[in-house]
Amino acid sequence: MNHLGLPNTLISPHPANNKIANVQKDLDSVMGVMRDNIQSVIERDEKLSNLTTRVDMLNSGAGEFAVNARKARYQAQLRRQKWRLVIGTLCALFMICILRKWFIL
């Protein structure tokens with residue numbers, strides 16, 4: 126209530142005060158949006174840092190996997206060649222025994 130006993134109205138007798146109030150309200154709104162944007166950028170940065178850490182861990186794991194895969198492939202190749210050598214030697218010995226008996230008789 127004002128000094129005359131009438132209710133206060135939202136309309137100010139000075140239009141400049143209304144403009145200032147509107148500008149202040151718009152400014153407060155923009156500042157709120159900017160605060161939200163800054164918070165979003167900070168959260169995004171944290172997520173990107175997490176993601177970068179995960180990528181680094183995966184890259185090191187991939188390197189270890191590649192080394193272990195090469196070792197396993199080499200060992201498998203050695204086993205195959207060992208069996209080929211054993212079978213080849215047995216076949217050669219068998220042929221020598223057969224040819225020896227055939228020529229001796």
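Straight run, no breaks: the sequence shown in the working numbering ends on number 230.
For glycine and all other residues, C-beta sits at the position ideal for the given N, C-alpha and C.
No experiment lies behind these values; they were computed from the predicted model shown.
Inset, instruction - At 3 residues or longer, and completely inside the region 182 to 226: list those beta strand (DSSP E) runs for me, N to C. - result: none
Inset, instruction - State the Cα-Cα distance for the pair I145 and V166, rounded to the nearest angstrom. - result: 31 angstroms
Legend entry - Between the CA atoms of K226 and P196 - distance to the nearest angstrom: As written in the sequence, residue 196 is Lys, which differs from the Pro given in the question. Roughly 45 angstroms between the two C-alpha positions.
Inset, instruction - Can you grab the Cα-Cα spacing for the pair K158 / D181, in whole Å? - result: As written in the sequence, residue 158 is Val, which differs from the Lys given in the question. Going by the C-alpha atoms only, they are around 34 angstroms apart.
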